[in-house]
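Worksheet: one structure, shown below.
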Amino acid sequence: MELLDTELEFINKVSELIRDVGESGVEYITYKQMSDIEKLKDELVEHHNLTHQSYFNEHSKKEERAWYSDYVRHDHPKAWKEKD
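Residue numbers (my numbering): 1393 to 1476.
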(Lines of atoms letter the chains of each structure in order from A and count residues from 1; the text may use other names and numbers.)
(Lines give C-alpha, C1' and ligand atoms only; values in the text may rest on other atoms or scores of the structure.)
Protein backbone atom coordinates (compact mmCIF):
# COMPACT_ATOMS: atom_id res chain seq x y z
CA MET A 1 0.00 0.00 0.00
CA GLU A 2 1.41 3.34 -1.04
CA LEU A 3 1.70 6.08 1.57
CA LEU A 4 0.16 9.39 0.54
CA ASP A 5 2.02 12.63 1.19
CA THR A 6 -0.96 13.71 3.31
CA GLU A 7 -0.68 10.54 5.40
CA LEU A 8 3.03 11.07 5.97
CA GLU A 9 2.44 14.70 6.93
CA PHE A 10 -0.33 13.64 9.32
CA ILE A 11 1.91 11.04 10.97
CA ASN A 12 4.66 13.62 11.40
CA LYS A 13 2.27 16.23 12.86
CA VAL A 14 0.88 13.71 15.34
CA SER A 15 4.43 12.66 16.27
CA GLU A 16 5.36 16.31 16.84
CA LEU A 17 2.30 16.81 19.02
CA ILE A 18 3.07 13.70 21.09
CA ARG A 19 6.68 14.80 21.48
CA ASP A 20 5.60 18.30 22.60
CA VAL A 21 3.16 16.88 25.15
CA GLY A 22 5.83 14.50 26.42
CA GLU A 23 8.39 17.28 26.83
CA SER A 24 6.25 20.08 28.22
CA GLY A 25 2.73 18.87 28.84
CA VAL A 26 -0.01 20.82 27.13
CA GLU A 27 1.50 24.20 27.95
CA TYR A 28 3.17 24.64 24.56
CA ILE A 29 0.61 23.05 22.25
CA THR A 30 -0.64 25.67 19.83
CA TYR A 31 -3.99 26.11 18.17
CA LYS A 32 -2.16 25.99 14.83
CA GLN A 33 -0.82 22.50 15.60
CA MET A 34 -4.31 21.25 16.39
CA SER A 35 -5.80 23.00 13.37
CA ASP A 36 -3.17 21.52 11.03
CA ILE A 37 -3.83 18.03 12.36
CA GLU A 38 -7.58 18.44 11.98
CA LYS A 39 -7.23 19.64 8.36
CA LEU A 40 -5.00 16.69 7.49
CA LYS A 41 -7.42 14.31 9.19
CA ASP A 42 -10.29 15.73 7.16
CA GLU A 43 -8.31 15.28 3.92
CA LEU A 44 -7.55 11.66 4.79
CA VAL A 45 -11.18 10.94 5.73
CA GLU A 46 -12.30 12.32 2.37
CA HIS A 47 -9.57 10.59 0.36
CA HIS A 48 -10.28 7.17 1.88
CA ASN A 49 -14.06 7.67 1.76
CA LEU A 50 -14.45 7.12 5.50
CA THR A 51 -17.67 7.86 7.36
CA HIS A 52 -19.08 7.92 10.85
CA GLN A 53 -20.92 4.91 12.15
CA SER A 54 -24.68 4.83 12.46
CA TYR A 55 -26.76 3.86 15.45
CA PHE A 56 -30.42 3.27 16.17
CA ASN A 57 -31.86 6.13 18.21
CA GLU A 58 -34.43 4.62 20.58
CA HIS A 59 -36.10 7.99 21.10
CA SER A 60 -36.64 8.90 17.44
CA LYS A 61 -36.91 5.25 16.33
CA LYS A 62 -34.58 5.72 13.35
CA GLU A 63 -30.98 5.25 12.25
CA GLU A 64 -28.83 8.31 12.86
CA ARG A 65 -25.23 9.34 12.35
CA ALA A 66 -23.09 8.70 15.41
CA TRP A 67 -21.13 11.97 15.24
CA TYR A 68 -18.75 11.03 18.04
CA SER A 69 -18.06 7.48 16.91
CA ASP A 70 -14.89 6.28 15.25
CA TYR A 71 -14.67 6.51 11.48
CA VAL A 72 -15.19 3.35 9.45
CA ARG A 73 -14.83 2.42 5.80
CA HIS A 74 -17.87 3.25 3.66
CA ASP A 75 -18.56 -0.48 3.15
CA HIS A 76 -18.53 -1.30 6.89
CA PRO A 77 -21.86 -2.80 8.09
CA LYS A 78 -22.37 0.04 10.58
CA ALA A 79 -21.29 2.85 8.21
CA TRP A 80 -23.62 5.83 8.03
CA LYS A 81 -25.35 6.01 4.67
CA GLU A 82 -26.51 9.43 3.50
CA LYS A 83 -30.20 9.50 2.68
CA ASP A 84 -31.19 10.95 -0.71
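For glycine and all other residues, C-beta sits at the position ideal for the given N, C-alpha and C.
Counterpart residues of F1448 in DSSP-defined beta bridges: Position 56 of the sequence shown, counted from the first residue, corresponds to residue 1448. Bridge partners of F1448: E1455.
Strand pairing of R1465, partner residues [DSSP]: Reading the sequence shown from its first residue, position 73 is the one you call residue 1465. DSSP output for R1465 lists L1442 as bridge partner(s).
Option in L1409, K1473 and D1428 with minimal Cα separation from E1455: Taking the sequence shown and counting its residues from 1, the one referred to as residue 1455 is at position 63. Cα-wise, what sits closest to E1455 is K1473.
Closest residue to N1441 among Y1447, E1430, L1396 and H1466 (Cα-Cα distance): For the purposes of this step, residue 1441 is taken as residue 49 along the sequence shown, with counting starting at 1. Checked all of Y1447, E1430, L1396 and H1466; the closest Cα to N1441 is H1466.
Span of the alpha helix (DSSP H), counted from its first residue to its last, around K1405: Here the question's residue 1405 lines up with position 13 in the sequence shown. K1405 -> alpha helix (DSSP H) spans D1397 to S1416.
Counted within 10 angstroms of its Cβ, other Cβ atoms place T1422 as buried (16 or more) or exposed: Taking the sequence shown and counting its residues from 1, the one referred to as residue 1422 is at position 30. By the 10 Å Cβ count, T1422 comes out exposed.
Cα-Cα separation, L1436 to W1459: Position 44 of the sequence shown, counting from 1, holds the residue named residue 1436. Position 67 of the sequence shown, counting from 1, holds the residue named residue 1459. Taking the straight line from one Cα to the other gives about 17 Å.
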